[in-house]
Amino acid sequence: MSDLVTGEAVPLELRLAKLPSRALAVVLDLLILGALWFLMLLLLSLIVPGVDGALAAALAIAGTVFVLVVVPTTVETLTRGKSVGKAAAGLRVVRDDGGPIRFRHALVRALAGVFADFVLTFGVGAVVCSLLNSRGKRIGDLLAGTVVVRERIPSTSAPMPVMDPRLAEWAAALELSLLPDRLAMAARSLLARAPQLAPEIRTRLAVELANEVSAVVSPPPPPGLPPWDYLAAVLAERRRRDALRYAGPAPTGPSPGGLYQPPGGPYQLPGGTPPAGPPPAGPSPWQPPAPPPNPSRTDGGFAPPS
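Counted from 1, the sequence shown has number 78 at position 74 by our numbering; the numbering is strictly sequential.
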């Protein structure tokens, strides 16, 4: 991910294109341009016998410039940053502020592709510059002020996290304004991939993420709550509030995939459910009883189950 800042100082999180996908797009574009150049050579071979050598050389140079500069510039300008290869690989060229490119950006990229990136350096300039640049830019991107991003993001069919109904009253009092989108997406990704991870890796990642989330979300979880159920409850409550704010009441009932349960069956709240009713009056929301001390941790956070 890369944070691109717009002219209005709004950060945009975009996925930068990696070198393999960019190389695939370049190869596809070169194959198409090579086929077009071959057709032009065939056409010139029919014209050259009837003209002198100087005119034939001028036509050959003009055809090469047309294929290597005019065609890429026109295509990327009309498609706002896409060539045929980039469209096939799900990529797009955008400005450094995230906006669509224009003619001058496409022209600079095409000229740099001829003189610095691909033709004269046989691709070495583009590869070396992309490896040294933190955003994977080639020389043409540096000169034009552009960057290549992934436009097509793989979708996931994982069900949305579902909260245990016994945690609903506790979750309703959560303060979620400090929970960043990055952390919420990481927790969502972990719950979606949990069945595919080894138990020790799944537990370690869940403990780390639960501690990060609990540091910015209050009140703290009920004692004995497993980290994966805590993450699912926080994400489900966050989604419920977003649905109420933007799209009306959220759908009720379990999602098609159900709530992810760790090995060993569903969790049971020790000592019963959180107290019912509104939180007591005071400067801070309801605080559940402190969890028993764990010899493996001293900060009061989540710890792997023994």
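Every residue, glycine too, gets a C-beta built ideally from N, C-alpha and C.
All of these numbers come straight from a predicted model, not from anything done at the bench.
Please identify the residue among the options whose C-alpha is closest to the C-alpha of residue i.
i      : options                       : result
THR77  : VAL98, ALA110, ASP100         : ALA110
VAL152 : LEU235, GLY89, ALA177         : GLY89
VAL71  : LEU28, GLY228, VAL128, LEU115 : LEU115
SER181 : GLY117, VAL238, ARG19, GLU204 : VAL238
VAL131 : ARG26, VAL118, ARG108         : ARG26
ALA29  : ALA188, GLY117, LEU37, ALA93  : ALA93
TYR234 : ASP246, ARG245, ALA219        : ALA219
LEU47  : LEU63, LEU229, ILE36, LEU32   : LEU63
VAL221 : ALA202, LEU183, ARG96, VAL166 : LEU183
ARG208 : PRO231, ALA188, LYS22, PRO225 : PRO231
ALA177 : LEU229, ALA39, GLU241, VAL75  : GLU241
PRO331 : ALA188, ASP56, GLY129, ALA148 : Shown here, the chain extends from 5 to 310; a query on residue 331 therefore has no answer.
LEU34  : ARG249, VAL52, LEU18, GLY127  : GLY127
Where does the unbroken alpha helix (DSSP H) through residue i begin, and where does it stop?
i      : result
THR111 : The identity of residue 111 in the sequence shown is Leu, whereas the question assumes Thr. Start and end: 107 to 116.
ARG154 : Premise fails: ARG154 lies in the beta strand (DSSP E), 150 to 154, not in any alpha helix (DSSP H).
PRO231 : 231 to 250
GLU204 : 203 to 220
LEU135 : 128 to 136
LEU59  : 57 to 69
Which of helix, strand or coil does DSSP assign to residue i?
i      : result
ARG84  : coil
ARG96  : strand
PRO184 : coil
THR256 : Because THR256 carries a pLDDT of 49, less than 50, the predicted location of this residue cannot be relied on, and no value is offered for it.
PRO104 : strand
VAL166 : coil
GLN265 : Bear in mind that a pLDDT of 42 at GLN265, under 50, signals an unreliable position, so the model cannot answer this.
THR77  : helix
GLY140 : coil
PHE122 : coil
PRO227 : coil
For residue i, which residues does DSSP report across the bridge?
i      : result
LEU20  : VAL153
GLU179 : SER222
For residue i, count neighbouring Cβ atoms within 10 angstroms of its own Cβ and tell me buried if that reaches 16, exposed if not.
i      : result
GLU80  : buried
GLY144 : buried
GLU179 : exposed
LYS86  : buried
ALA21  : buried
GLY257 : Residue placement at GLY257 is poorly supported in this model, since its pLDDT is 45, which falls under 50; the coordinates still yield a value, given next. Classification for GLY257: exposed.
LEU213 : buried
PRO225 : buried
PRO274 : Residue placement at PRO274 cannot be trusted, given a pLDDT of 41 that sits under 50; the coordinates are not used to answer.
ALA254 : Residue confidence is low: ALA254 scores 46 on pLDDT, short of 50, so the model does not pin down where it sits. Its coordinate-derived value is still stated next. So ALA254 ends up on the exposed side.
Quick one: does the C-beta of residue i sit closer than 7 Å to a heavy atom of the ligand GTP?
i      : result
LEU182 : The ligand GTP is absent from the structure shown, which contains no ligands of any kind.
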